[in-house]
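Colleague: Numbering (my numbering), first residue to last: 408 to 464.
Just so you know, even glycine gets a beta-carbon here, dropped at the ideal spot from N, CA and C.
A quick note: this is a predicted structure, and the numbers were derived from the prediction, not measured.
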Amino acid sequence: MDSIFVLAHPIFLGIPLAQVVGGIVFAVAYEMEGSLMVPITIHVLGNLAIFTLFLIF
408 MDSIFVLAHP IFLGIPLAQV VGGIVFAVAY EMEGSLMVPI TIHVLGNLAI
458 FTLFLIF
């Protein structure tokens with residue numbers, strides 16, 4: 408399962424800032440709410456926003 412996650416979230420050259428910030432945001436959301444549904448929802452909404460921008464531009 409971890410290998411699927413890694414393939415879906417490649418790290419290119421440089422500091423993986425998006426992954427670090429995302430991890431912190433997801434961890435804080437989980438700690439504040441005590442539910443995995445909150446960080447999952449944040450992740451889905453972020454993916455939806457990126458996908459929508461990709462379609463527009």
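Does the stretch 413-424 come within contact of the stretch 432-439, defined as at least 3 CB pairs closer than 8 Å?
Modeller: no
Colleague: Put P423 into one of helix, strand or coil per three-state DSSP.
Modeller: coil
Colleague: Comparing the CB of L452 with every heavy atom of the ligand PLP, is any distance shorter than 8 Å?
Modeller: What this structure holds is no ligand at all, so the ligand PLP is not there to describe.
Colleague: If you draw a straight line from the C-alpha of V457 to the C-alpha of I463, how long is it?
Modeller: Strictly speaking, residue 457 in this sequence is Ile, with Val absent from that position. Their Cα atoms are separated by approximately 10 Å.
Colleague: With DSSP run on the structure shown, which of helix, strand or coil describes S410?
Modeller: helix
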